[in-house]
Every structure is written in structure tokens, then in C-alpha cells.
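Protein chains in written order, with my numbering: chain A, 55 to 447; chain B, 12 to 266.
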């Protein structure tokens, strides 16, 4: 079985482009050009250069000795937290802004939940001198004031999404509506491997630099390119898509996707899409989706804003449905504990999203000789408030 | 012949009204349909509310949210429409997003439509290729027409594809916009309406998005078979309630 996208834009039964006709020309323009543009040597050269000089790649692959000792297996951390802006998100925004330039677009829009993708988009727009509008749920704007300030400092206009539940999914709706209203000059930088084809594939390709580097770095350290397992948290799933990408079709590498159980899968406050979702359409993609029996999209919950999405990218839906990926869900408390533990054992303050991936070692046992790479997708600076409240620091 | 096709063949400009089922009150659906018929409207689009209506502006979003909060569901809509053909003979189209239909089951949904006497569907986020490959047969079996949209950005090639896949009419979106824009029509729209009229399509066109009064209605209908009013009608319902329907329809038709 192939786990990459097929020529029609599907991963198994998932994916496609379920978009209103108003968006067809925009999405079609992108679909016809993205592979061609990405294959251009000048594009590749500029992308690599920016990732190296601006983002700070390659990020280290760090052997977490004390964490490994604690769990009796070999744990490596892929340090995406050391990227400029503090998370893997910028790999994608660099790629997409170069794409937008080549498509002749002058206006950039984006959605953001906690604000990480918004900041990463505002950053590259400042870098390239392009107009930037970020849609953010009204409730998230209140919850994430520092990131709102960052975006403003970087020159972006932050527009509150006041529709629906006023969070990430509504910010995404508003960005899509803006794109309908501005079909000619605007490029929409989606922040994850979600949305209509070709977005999931394009974003995965930009993020695939993560697993490309893991291969080289692991070869240096362990004499082999393939770990036994690669682990990543999944909200929409962009860091996971990047960490899994070059291992998708290598069955000897176990793929572990970690979802946010929130207060527990059956608590009514969860974001564990693989456990709670059914096949449906969200933001132009057929995928697993949390919804009512009547097909209304429901509001997810997680302590981590970056995992708080009612769907999951179609690549991941396919990894789940086909059994290629092992899906584990982690509660708020488990994640917070694992995050604090990494601080104490390794001197690294992780984003709460990434802490979900770190938390699996409590229950998921590995062999002593196993090499397990965990994608540490972001740093925890943005989450200090949550850490302070949770641990009463 | 389907009721839509019959209506399209009449020698007049058609006024079609969109409203959200279950708004303002949960059980308003039938009475609104009856009043629209009694006031000489030609066709109706019944909006099946969805939590995340991507192509809609604030007015229809808000009405959808209220309708859902009121308790509107797909099943309930079909229950409300159970006896509609005893009192209403207008062509009826259900307009909604694809996910609720998918969850209900496409075949079951189409079967229900045909049982209650719905004539067509508009599902903006069900793409043409997807429809033709997977669902065209089912629509045909239940004699339902699927209405496609074109926009000012739709290429001529694609318009021809859509024309050959359409059997009722083509829904011509007036401008690059979500529903409920109130900017009126200028030279750009006039040129677009003329350009499409000159393409000599096999299907007639009905214009929607941005039609709000008799002026925009006649501008739109000038180069087409008629026009659809949605947000402006819902705004009126919010302000005046069902009692305002008659005056609203008259004000559009007054030219």
C-alpha cells in the first residue's frame, strides 16, 4: 500500500477537494503548479537557504540520555523547538511564502488557533514584505494575548473570527471566506496538513525536511537511517506528517501518532479524532471528523490549543484506517506531567502539544534496543501560563 | 418533466427565494413556503443549516446557527416537508453543505427528497467531478436535479463542462464574494452577465449572491432567467417576521 497522496488527491478514501465553485480556480491554480514550482532548482535552493540561514536548520537530533534511562529504551528528540519562532510551523510558512511569490500573489491570509501558525506566517510575510492578514477566533484572541501582540509587532493584521464557536475551526472558515472574496491576488497559507488537495500534500512536503534530517542524523549517530519508531503529536497533523514522511512506505519503521484525549476520551471534552471521529468533510477535505449524528461539526477540547482541531489531516486518517499508524491518546494531565518531567530530566521546556508525544512512554513500552525518535515539535515558552496554572508554580 | 424544468420553460423572469429551515422559529418552514407560494414567488431554496457554512456571509451563518440551536435536523426537515405537496406546488430545492447529507446517507437523502417532493439540490462543496463519478446515478434514480454554480472566475472550459452536466439551470454567482454582499452591481457584473449570456449555453442561468432589492433583481434578470434572493430575505424575516413576506416579495417585483 502507498501512504502518499495519489494523483486524484486522495490518501485511500480520504482527502480530495470538497470546495465551493468559488474556490475552484484558486485551488486549481495551486494544484496545477505546486509540484512544478517545488521541483524547480531555484525554488529548492532558496527554500534550503532560508531554512538554513533563517530558520536555523538542521535542527539537532538529540539523544535524551536520562529520559532513555528512565524508560529503558533509546529515545532521540528531534529538536523542532529550536526553529526560529519556536516550532516546526515555520518550515511550512517559508515554503508557502516562496510558493505565493512565484504564483504572483501579493496578499497573504492565514488562520491560527493558539497563534503559533499566525506568528510563523506573520514572520515570513515580514521577511518577504507581503501584506498579512491572520484570522483568529475571538475567544483565542483573549486566551493568547502574547501571540496576538507578536503578530502585530511583525506587521500582521489580526482579524477576530466571531462566527460559530469563535475558535480555530471558525478562524479557518473565515480565512476560506476571505479567499472567496479575494480570489485573484491572495494566497492562503494553511497551517497544517488539512484543507483541500493539494494543501495536505504540499504542507507535508514542506515539513518532510524533518524526517529527511532524521535519516541523515540517525545514520551518523547509530549507523542506520531508520529508527524502530517515530512518534509525533497530531492535531491537524503537520509536525507528524513531516516526521513520518520519509518513513511512510518503510514498514519496518513503526509510526505512532499521539492525539489529545483532553479530559478523557469519553469525557465529552476531548480532541481524539481517531477515537471519536467519523468520516466527513471539513475545510474541503474528506477525513475523520468529530461531529454529531446529524453531520454538524463539534467543538473539540484539549489543554493544548495546537491539538484542538475537530478533524485530522487526510494522510493521518488513512494511516489510522489502514492500520499503518498506531494511534494513542493522552490526557491533559498525562501530557502536563510528561512536559514537566522533560524539564527536570533534560533541561528542555516542551510545548504542551509535544508533551503529549512524550507522555506515551508511561504506558507504551519499548524494547531496550529500540530506537524511538520523538518529534519535539515546539518549545513551551508560549505555554508558561498553562504550566503555571496547572502546577501552581 | 421535473417541476424546475417546467418552471424554467415559462416565459417570465423567475424570482427564487432562499431561506434557512428552522429559522426564525423551528416550525416556521411550512408556513414560509406557503406564503412564498401565495405571494407569487417562482421557486424556493430551503437551506439545510450547517455548523460551518463556508460560502455564506454573516446573515446566513447567523440564521443557520439559530436554526441549529432551535433543534433543526435533517430528519426533522423531512418530517416538516412530509405533506408539503398538498399545499405547495412551487419547485423546491434543498441547499446545504455536503457533510450533513453524507452523514444522512446520500441515497437515503435523495430517496427522502423524492418522497416529499423536493425537485433539486444545491450542494456547493460537492465538486462536479466527485458528483459525476459517484452520485449522478443516484440523483437520476430519484429524479433530482443537481444545480451547479459558476462564478466570475470560472473558466470558459469549465463553464461548458458544468453546462453539459446540468439539467435544470446554472446558478450564476454574481461576484467574487460569499453570500450577503450588499454592494450592488456595477460595470464588472454587467460585463460578466453579458459575457456569459453570449456563451449560448444549453442551460438557462439564474443569478444569486448580492441580490437585495428590485434594482439588483432587474439588473441580474436582465441577462438571465431570473435571480435568487437569500440574505436580504432572511434579514427581513429577522426584522419583521413572516408578516413581512408579502410586502418584501412585492417590493422586488414592483419594476
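For glycine and all other residues, C-beta sits at the position ideal for the given N, C-alpha and C.
Values in this document were obtained by computation on a predicted structure and should not be read as measured data.
My understanding is that residue i touches residue j, with C-beta atoms under 8 Å, so please give their C-beta distance in whole angstroms.
i	j	result
residue 308 (chain A)	residue 366 (chain A)	So it is not a contact: roughly 19 Å between Cβ atoms.
residue 348 (chain A)	residue 84 (chain B)	5 Å
residue 117 (chain B)	residue 95 (chain B)	About 22 Å separates the two Cβ atoms, so there is no contact after all.
residue 400 (chain A)	residue 120 (chain A)	6 Å
residue 59 (chain A)	residue 71 (chain A)	No, residue 59 (chain A) and residue 71 (chain A) are not in contact; Cβ-Cβ is about 11 Å, not under 8 Å.
residue 216 (chain B)	residue 184 (chain B)	The pair is not a contact, with the Cβ atoms about 10 Å apart (cut-off 8 Å).
residue 101 (chain A)	residue 149 (chain A)	6 Å
Taking the alpha carbon of residue i as the point to measure from, which residue in the options has its own alpha carbon closest?
i	options	result
residue 207 (chain B)	B:262, B:225, B:231 and B:193	B:231
residue 220 (chain B)	B:236, B:73 and B:195	B:195
residue 217 (chain A)	B:19, B:36, B:40 and B:69	B:69
residue 61 (chain B)	A:251, A:262 and A:346	A:346
residue 218 (chain B)	B:251, B:250, B:256 and B:158	B:158
residue 67 (chain A)	A:391, A:335, A:150 and A:321	A:335
residue 103 (chain B)	B:133, B:225, B:187 and B:82	B:133
residue 5 (chain B)	B:235, B:153 and B:58	Any question about residue 5 (chain B) goes unanswered here, given that chain B covers just 12 to 266.
residue 180 (chain A)	A:190, A:206, A:158 and A:59	A:206
residue 355 (chain A)	A:321, A:102, A:301 and A:328	A:321
residue 253 (chain B)	B:46, B:20 and B:33	B:46
residue 115 (chain A)	A:108, A:124, A:128 and A:123	A:128
residue 77 (chain B)	B:93, B:38, B:162 and B:101	B:38
residue 113 (chain B)	A:192, A:342, A:292 and A:137	A:342
residue 246 (chain A)	A:396, A:146, A:237 and A:359	A:146
residue 249 (chain A)	A:264, A:233 and A:263	A:233
residue 260 (chain A)	A:143, A:191 and A:403	A:143
residue 124 (chain A)	A:420, A:436 and A:438	A:420
residue 276 (chain A)	A:430, A:130 and A:136	A:130
residue 205 (chain B)	B:258, B:224, B:233 and B:193	B:233
residue 286 (chain A)	A:268, A:408 and A:306	A:408
residue 221 (chain A)	A:191, A:208 and A:395	A:191
Against chain B, does residue i count as a neighbour if the rule is that its beta carbon must be under 8 Å from one of theirs?
i	result
residue 227 (chain A)	yes
residue 64 (chain A)	no
residue 85 (chain A)	no
residue 163 (chain A)	no
residue 79 (chain A)	yes
residue 220 (chain A)	no
residue 239 (chain A)	no
On the criterion of 16 or more Cβ atoms from any shown chain inside 10 Å, does residue i qualify as buried, or is it exposed?
i	result
residue 171 (chain B)	exposed
residue 55 (chain A)	exposed
residue 168 (chain A)	buried
residue 98 (chain B)	exposed
residue 386 (chain A)	buried
residue 96 (chain A)	exposed
residue 239 (chain A)	exposed
residue 445 (chain A)	exposed
residue 54 (chain B)	buried
residue 86 (chain B)	exposed
residue 75 (chain A)	buried
residue 79 (chain B)	buried
residue 278 (chain A)	exposed
residue 175 (chain A)	buried
residue 199 (chain A)	exposed
residue 166 (chain B)	exposed
Output the boundary residues of the beta strand (DSSP E) element that contains residue i.
i	result
residue 242 (chain A)	240 to 243
residue 162 (chain A)	161 to 166
residue 315 (chain A)	308 to 316
residue 133 (chain B)	131 to 133
residue 286 (chain A)	283 to 287
residue 381 (chain A)	379 to 385
residue 31 (chain B)	25 to 31
residue 240 (chain B)	237 to 240
residue 234 (chain A)	Note, residue 234 (chain A): premise wrong, no beta strand (DSSP E); alpha helix (DSSP H) at 222 to 235.
residue 340 (chain A)	339 to 343
Between which two residues does the alpha helix (DSSP H) carrying residue i extend?
i	result
residue 327 (chain A)	327 to 330
residue 182 (chain B)	Note, residue 182 (chain B): premise wrong, no alpha helix (DSSP H); beta strand (DSSP E) at 180 to 184.
residue 137 (chain A)	It is not in any alpha helix (DSSP H) - residue 137 (chain A) carries neither H nor E in the DSSP assignment.
residue 125 (chain A)	119 to 125
residue 368 (chain A)	368 to 376
residue 145 (chain A)	143 to 156
So is residue i in contact with chain A if we call contact Cβ pairs under 8 Å?
i	result
residue 113 (chain B)	yes
residue 142 (chain B)	no
residue 150 (chain B)	no
residue 188 (chain B)	yes
residue 62 (chain B)	yes
residue 161 (chain B)	yes
Is the shortest distance between the beta-carbon of residue i and the beta-carbons of chain D less than 8 Å?
i	result
residue 215 (chain B)	This model lacks chain D altogether, as its protein chains are A and B.
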